[in-house]
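Just so you know, the working numbering puts 437 at position 8 of the sequence shown, and the rest follows in order with no gaps.
Don't be surprised by glycine CBs; every beta carbon is placed ideally from N, CA and C.
Before any comments, here is the structure.
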Amino acid sequence: MNEVSLHHGDCLEVMKSIPSASVDLVLADLPYGTTHCAWDVIIPFAPLWEQYLRIAKPEAAIVLCAAQPFASMVGSMPKA
């Protein structure tokens, strides 16, 4: 049986504790920065992608949920 680990928290902090090239799937519904809620702040993309690419296995999927206008920003990220 495969092991499944779910992590909840500040992703930039949580990902620091995840070993490199150990993740099969990154699934995230990031804050879009479209409301006045204190938690709804766009995460800086450079450190976010640096960590995604570090922790993901070469064949891993990185799946991000997004709505406009945030979806266009996510779609504009450079290909790894």
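Assigned secondary structure, residue i (DSSP; H/G/I helix, E/B strand, else coil)
| i | result |
| --- | --- |
| I471 | coil |
| I491 | strand |
| P459 | Contrary to the premise, residue 459 reads as Leu rather than Pro in this sequence. Note: L459 maps to coil in three-state DSSP. |
| L435 | coil |
Same chain, Cβ closer than 7 Å to residue i, five either side skipped, listed in chain order
| i | result |
| --- | --- |
| L456 | V492 |
| A475 | none |
| I447 | I484 |
Sequence-distant residues of the same chain with beta carbon closer than 6 Å to residue i, five excluded per side
| i | result |
| --- | --- |
| A450 | K486 |
Beta-carbon contacts of residue i that lie in its chain and below 8 Å, excluding the five residues immediately before and after
| i | result |
| --- | --- |
| I472 | C440, L441, L459, P460 |
Extent of the continuous alpha helix (DSSP H) to which residue i belongs
| i | result |
| --- | --- |
| C466 | No alpha helix (DSSP H) holds C466; DSSP gives it neither H nor E. |
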